[in-house]
Each structure stands twice: as C-alpha cells, then as structure tokens.
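The structure under discussion appears below in the form of structure tokens.
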Amino acid sequence: MYKNIKIKQKVSFSIFIAIFFFLPLIFQSVNSSPSPIQEKIESLRQVIKETENLYNQAVIAYEEGKIDLAENLYKRALKKLAKSNLDAVLNYQLKEEYDNLFGKLDVLLDEMERNSQSILDVSKEELKGTENLEAEEIKGNYTIPIDIENSLTKKYMQLYTKGKRRKAIAEALERSGRYQEMIFGVLEEYDLPQELVYLPVVESLYKVSAYSRARAVGLWQLMETPARNLGLVINYWIDERRDPEKSTRAALKFLKDLHAWFNDWHLALAAYNRGQSGIGRDLKFSKSVDFNQLVERKALPKETENFVPKFMACVSIGENYQDYGFPLNFEEPLSYDEVVLDKVIDLEVIAKCVGTTEAKIKKLNPALRVWCTPKNYPNFKLKLPPGTEEKFFTNIVKVKDLTPGRGFIRYKVKRGDVLGRIARKYYTTVYAIKRGNKIRNINKIRPGQLLIIRPGRKYFRKKK
Numbered sequence: 010m011y012k013n014i015k016i017k018q019k020v021s022f023s024i025f026i027a028i029f030f031f032l033p034l035i036f037q038s039v040n041s042s043p044s045p046i047q048e049k050i051e052s053l054r055q056v057i058k059e060t061e062n063l064y065n066q067a068v069i070a071y072e073e074g075k076i077d078l079a080e081n082l083y084k085r086a087l088k089k090l091a092k093s094n095l096d097a098v099l100n101y102q103l104k105e106e107y108d109n110l111f112g113k114l115d116v117l118l119d120e121m122e123r124n125s126q127s128i129l130d131v132s133k134e135e136l137k138g139t140e141n142l143e144a145e146e147i148k149g150n151y152t153i154p155i156d157i158e159n160s161l162t163k164k165y166m167q168l169y170t171k172g173k174r175r176k177a178i179a180e181a182l183e184r185s186g187r188y189q190e191m192i193f194g195v196l197e198e199y200d201l202p203q204e205l206v207y208l209p210v211v212e213s214l215y216k217v218s219a220y221s222r223a224r225a226v227g228l229w230q231l232m233e234t235p236a237r238n239l240g241l242v243i244n245y246w247i248d249e250r251r252d253p254e255k256s257t258r259a260a261l262k263f264l265k266d267l268h269a270w271f272n273d274w275h276l277a278l279a280a281y282n283r284g285q286s287g288i289g290r291d292l293k294f295s296k297s298v299d300f301n302q303l304v305e306r307k308a309l310p311k312e313t314e315n316f317v318p319k320f321m322a323c324v325s326i327g328e329n330y331q332d333y334g335f336p337l338n339f340e341e342p343l344s345y346d347e348v349v350l351d352k353v354i355d356l357e358v359i360a361k362c363v364g365t366t367e368a369k370i371k372k373l374n375p376a377l378r379v380w381c382t383p384k385n386y387p388n389f390k391l392k393l394p395p396g397t398e399e400k401f402f403t404n405i406v407k408v409k410d411l412t413p414g415r416g417f418i419r420y421k422v423k424r425g426d427v428l429g430r431i432a433r434k435y436y437t438t439v440y441a442i443k444r445g446n447k448i449r450n451i452n453k454i455r456p457g458q459l460l461i462i463r464p465g466r467k468y469f470r471k472k473k
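If you use this note's numbering, the sequence shown corresponds to residues 10 to 473, in order.
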C-alpha cells in the first residue's frame with residue numbers, strides 16, 4: 010500500500026515537472042506559429058513588395074524613353090496585383106497599401122498613354138521653325154480632298170517623317186494591319202471614303218488602350234456621352250469604346266452623320282474633333298462657309314485647326330509610305346473564334362476551357378474591364394483563340410462553378426442607401442461589407458462613399 014502511494018507520488022511529480030517545464034514551450038510554439046490569416050497577410054505583403062519593384066522599374070524605363078518596356082512592366086505589375094485576390098476579411102488590413110499602389114499604377118498608365126498620343130502634338134514654336142518645303146506630287150485618287158499645298162499639312166508631313174514622330178507613325182501604321190481589313194469592310198458597308206482608315210493614326214496611334222486627357226477612349230477616341238448615344242455599352246463590366254469593331258462602327262456612323270449635316274469632309278472631320286454644335290457656332294459667328302475660311306478668320310481652337318492638316322499628312326504618308334522610306338511590316342489581321350454567352354463566366358475559367366491564359370482572353374477582348382464577362386448583357390460575343398470554339402463548349406459544360414473568383418465590385422453609395430439593402434442587392438451580408446470596408450457604424454454611410462464589395466455567387470446567377 011505504501012509502495013503504491015510512493016509510485017503515485019513519483020508519477021504526479023513527473024507530470025508536474027512535465028507541465029511546469031514543457032507546457033510554456035508548447036504554448037510558445039503554438040503562439041509563434043502564424044495563423045492562416047497572418048500567413049496570407051504576409052504573402053500579400055510580399056506581392057505588394059514585388060509589384061512595387063515592377064512599378065519602380067516601369068518608372069525608370071519610362072523616364073529613359075523606353076515606352077514599350079515601361080508598358081510591359083506596368084502590365085506585369087497590374088497582373089500580379091490583380092492575381093493576389095485580396096478578400097474582404099483582409100481588405101481593411103491592407104486596403105491603404107493596395108489603394109496607394111493602384112493609385113501609383115493609374116498615374117503611370119495615364120502618363121504613358123498621354124505620352125504615346127501627345128507625341129504627334131507639335132508646339133507652336135516647332136511648327137513655326139519647320140521649313141515649308143515643296144510637297145512632292147501626291148499619288149492616288151481621294152474622296153476626301155488631301156491638300157498637300159496647305160502650309161500646315163506640309164509641315165506635319167515633314168515632322169511626321171523624321172525623328173521620334175517617324176518611329177511613332179511607323180509603329181501605328183504597322184499596328185493598323187490588325188484592323189484594316191475590318192475597317193475597310195465597315196467603310197464599304199457605310200459607303201464612306203477609304204481614307205478614313207488613317208483617322209485612328211491621328212487619334213490613338215492605333216492603340217485600343219489609348220486614353221486622353223479629355224477622357225476619350227479607344228482607337229477612335231470616343232467620349233463617353235457621344236459613345237453611349239451611338240449605342241456603345243459603358244459600365245463597370247465593359248467599355249465598348251475599346252472594342253475595335255463596335256467602336257469602329259460607332260465612329261464611322263458618327264462621321265457619316267456629320268458629313269450628311271455639313272456636306273463637306275473637312276468640316277465633318279473638324280466636327281469630329283470639336284463637336285457638331287461647336288463647328289456650327291464657329292461657322293455662324295465667323296460667317297464662314299468652309300474649313301479654310303474658318304482657319305483664315307481664326308474662328309477655330311488651335312487643336313481643331315491643326316487636326317485636319319494632321320489627318321491629311323497621315324493619309325499622304327500612309328498611302329505613299331514607301332516613297333517616304335518607311336520599311337513597314339504590317340501586323341497580321343486579328344483571327345479568332347466567337348461564341349455567344351448569356352451567363353457571367355470567370356475569364357480564368359474560360360482560359361482553362363480552351364487551354365490558354367487569362368491574359369490572352371483579355372487581349373482578344375479589350376473591352377472587358379474586370380475579371381469576368383459582363384453581367385446583364387444577353388448574347389454577349391466573346392472572342393476566343395482561333396480553332397477553340399468546339400473545345401470551349403465541350404469543356405464549359407463540365408464546369409460546376411462559372412464564377413469561382415468573384416472578384417470585387419466598387420459601389421458608390423447613393424442618397425437613401427442603407428447597408429442592408431446594398432447587401433441584399435449583391436447577395437452578401439452587412440457584416441461582410443462592414444468588415445471589408447472598416448465601417449464602425451453601419452448607420453453612418455454617406456452619399457458618394459466608395460464601398461468595396463465581394464458579391465455572393467447568387468448575384469451572378471440572378472437575371473436582370
């Protein structure tokens with residue numbers, strides 16, 4: 010009996026020693042292991058650091074005049090940030106860092122786009138200092154009068170065939186190869202002059218991503234209100250000003266209407282730049298009847314006065330590029346399969362179905378603004394790599410969840426909004442919105458406030 014008591018005491022003492030010495034170590038080990046959320050935060054901070062590094066390299070490349078490299082680094086930075094998939098739980102902890110980096114990337118993009126387009130702009134001093142050389146005999150028959158005896162046209166022809174502008178014009182003409190076949194088809198359909206194929210050289214250097222200071226967008230540099238009036242869809246999901254064919258149809262319809270109104274191609278082009286009512290007022294107040302009179306009577310803003318000569322110079326160079334010594338290598342016309350969709354589908358899901366990357370799907374569909382096909386857009390036509398239509402339909406039926414990524418939606422609070430109603434609209438919870446946006450008092454949201462919302466899956470399945 011006594012022996013058993015001693016054994017029990019030894020065991021109890023051993024347990025006490027184990028607890029006293031080793032339990033703190035166990036707790037220390039547990040406490041030192043980061044939680045899954047902490048691990049994700051650290052992982053995302055590493056993504057931010059890598060993205061910041063790409064951004065810094067892009068800025069250096071841009072400042073050194075290496076625009077193509079800067080654009081490539083910018084795209085890599087944006088892709089890395091977009092792929093990080095910041096969820097609502099972590100949004101409030103990293104929101105400031107993300108917003109700061111996105112803001113810097115936006116500024117860089119804006120600066121690069123302005124630089125790429127403004128390279129064709131010429132200062133008053135440079136125009137004045139450019140020799141007014143005799144123009145060579147122009148080749149070709151044109152519907153739009155191309156006046157190479159115009160002093161400004163001569164100067165632009167000089168400036169656009171030398172130095173950095175020569176390179177920009179050459180690259181734009183080479184890029185035009187992607188779209189010329191499509192544009193010529195629409196010009197023929199609308200019975201419009203073939204020379205208008207050179208207007209995107211002046212407007213955007215044939216860049217679908219072009220974005221101006223005045224917020225004009227795409228190949229044809231359409232402003233938002235006129236674009237909507239011409240039937241283009243512009244919303245959170247999609248901006249059809251960046252769709253090459255749809256924007257072409259809208260722009261050429263606009264030009265056809267302008268020509269029908271003014272019955273003069275130079276006035277129609279000036280109105281494309283300044284607006285129909287603006288040119289109408291200029292004609293009325295200066296008592297002019299054509300573009301040349303408007304110029305002589307100094308009735309036009311300088312930008313519009315220069316716009317038509319720029320266009321005429323680009324037509325002359327484009328039609329006679331070999332005479333100007335341009336060794337052009339035109340890009341191949343875009344080729345793709347097209348499928349009609351009635352559902353919202355994650356672009357990554359689409360890419361996997363056809364064996365390509367999300368980046369390539371976005372490149373074929375530059376109008377898409379977010380991570381998926383547009384909501385409330387019946388019969389949306391999605392472009393796929395050539396030869397993949399059948400593969401897409403074979404694989405998409407096997408996918409159970411078409412929107413696994415779900416991404417985020419930016420929602421601007423309206424007067425009378427309450428979080429409960431907003432949460433119901435996006436099939437999420439008040440708590441998720443509150444936590445994701447670091448809202449302390451759910452009754453104190455204000456009109457104009459921007460909320461970052463991750464919608465529930467049902468949001469993408471419900472009908473309009």
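For every residue, glycine included, the Cβ atom is placed at its ideal position computed from N, Cα and C. Keep in mind that this is a model prediction, so the values were computed, not measured.
Best match in the options for proximity to residue i [C-alpha to C-alpha]
{"i": "Arg424", "options": "Thr397, Met321, Ile354 and Gly457", "result": "Gly457"}
{"i": "Val206", "options": "Gly327, Asn385 and His268", "result": "Gly327"}
{"i": "Leu161", "options": "Tyr281, Glu305 and Val68", "result": "Glu305"}
{"i": "Pro336", "options": "Ala181, Lys84 and Lys133", "result": "Ala181"}
{"i": "Leu309", "options": "Asn282, Tyr330, Asn329 and Val324", "result": "Asn282"}
{"i": "Asn150", "options": "Leu129, Tyr165 and Pro202", "result": "Pro202"}
{"i": "Val68", "options": "Lys58, Glu80 and Glu59", "result": "Glu80"}
{"i": "Ile451", "options": "Leu460, Ile462, Leu428 and Pro383", "result": "Leu428"}
{"i": "Ile157", "options": "Lys392, Gly445 and Asn329", "result": "Asn329"}
{"i": "Pro387", "options": "Val379, Asn404, Lys400 and Lys352", "result": "Lys352"}
{"i": "Pro395", "options": "Arg449, Ala360 and Ser218", "result": "Ala360"}
{"i": "Lys265", "options": "Val317, Glu197 and Lys384", "result": "Glu197"}
{"i": "Thr257", "options": "Ile192, Val131 and Tyr245", "result": "Ile192"}
{"i": "Gly194", "options": "Pro253, Val242 and Phe401", "result": "Pro253"}
{"i": "Pro413", "options": "Val358, Thr234 and Lys296", "result": "Val358"}
{"i": "Arg378", "options": "Arg54, Leu356 and Lys447", "result": "Leu356"}
{"i": "Ala179", "options": "Gln331, Leu241 and Tyr245", "result": "Gln331"}
Other residues of its chain near residue i: CB distance less than 6 Å, five sequence neighbours each side excluded
{"i": "Lys453", "result": "none"}
{"i": "Leu343", "result": "Arg187"}
{"i": "Ile9", "result": "Because the chain in this structure spans residues 10 to 473, residue 9 falls outside the shown range and cannot be described."}
{"i": "Met232", "result": "Ala225"}
{"i": "Tyr215", "result": "Ala181, Arg184, Ser185 and Pro209"}
{"i": "Phe339", "result": "Glu183 and Gly186"}
{"i": "Leu63", "result": "Leu82, Arg85 and Ala86"}
{"i": "Lys15", "result": "Residue confidence is low: Lys15 scores 42 on pLDDT, short of 50, so the model does not pin down where it sits. Its coordinate-derived value is still stated next. So no residue of the chain qualifies."}
DSSP-derived helix/strand/coil call for residue i
{"i": "Leu63", "result": "helix"}
{"i": "Tyr330", "result": "coil"}
{"i": "Val39", "result": "Its pLDDT being 44, under 50, Val39 is placed unreliably by the model, and nothing is read from it."}
{"i": "Val349", "result": "strand"}
{"i": "Ile247", "result": "strand"}
{"i": "Leu99", "result": "Only weak support exists for where Leu99 lies, its pLDDT of 46 falling under 50; the value from the coordinates is given anyway. The answer is helix: DSSP assigns Leu99 an H, G or I state."}
{"i": "Tyr440", "result": "helix"}
{"i": "Lys163", "result": "helix"}
{"i": "Glu180", "result": "helix"}
{"i": "Asp266", "result": "helix"}
{"i": "Lys171", "result": "coil"}
{"i": "Ile454", "result": "coil"}
{"i": "Ile155", "result": "coil"}
{"i": "Lys467", "result": "helix"}
{"i": "Asn150", "result": "coil"}
{"i": "Glu254", "result": "helix"}
According to DSSP, residues forming a beta bridge with residue i
{"i": "Cys381", "result": "Asp355"}
{"i": "Leu459", "result": "Lys421"}
{"i": "Asp130", "result": "Answer is none; Asp130 lacks a bridge partner."}
{"i": "Phe389", "result": "Leu350"}
{"i": "Leu231", "result": "Val226"}
{"i": "Tyr220", "result": "Val226"}
C-beta atoms of residue i and residue j nearer than 7 Å
{"i": "Tyr169", "j": "Ala322", "result": "yes"}
{"i": "Tyr345", "j": "Leu373", "result": "yes"}
{"i": "Pro464", "j": "Ile431", "result": "no"}
{"i": "Tyr468", "j": "Tyr420", "result": "no"}
{"i": "Leu411", "j": "Ile354", "result": "yes"}
{"i": "Tyr165", "j": "Lys319", "result": "yes"}
{"i": "Phe475", "j": "Thr397", "result": "Any question about residue 475 goes unanswered here, given that the chain covers just 10 to 473."}
{"i": "Leu267", "j": "Ala280", "result": "yes"}
{"i": "Ile247", "j": "Ala368", "result": "no"}
{"i": "Val363", "j": "Leu391", "result": "no"}
Close Cβ partners of residue i (< 8 Å) along its chain, the five nearest in sequence each way excluded
{"i": "Asp299", "result": "Asp273, His275 and Leu276"}
{"i": "Glu135", "result": "Leu168"}
{"i": "Lys173", "result": "Ile128"}
{"i": "Glu341", "result": "Gly186 and Arg187"}
Contact set for residue i: own chain, Cβ-Cβ below 7 Å, skip 5 residues either direction
{"i": "Gln189", "result": "Val206"}
{"i": "Ala9", "result": "Any property of residue 9 remains undetermined from this structure, which presents the chain solely from 10 to 473."}
{"i": "Val217", "result": "Gly227, Leu228, Arg251, Pro253 and Pro375"}
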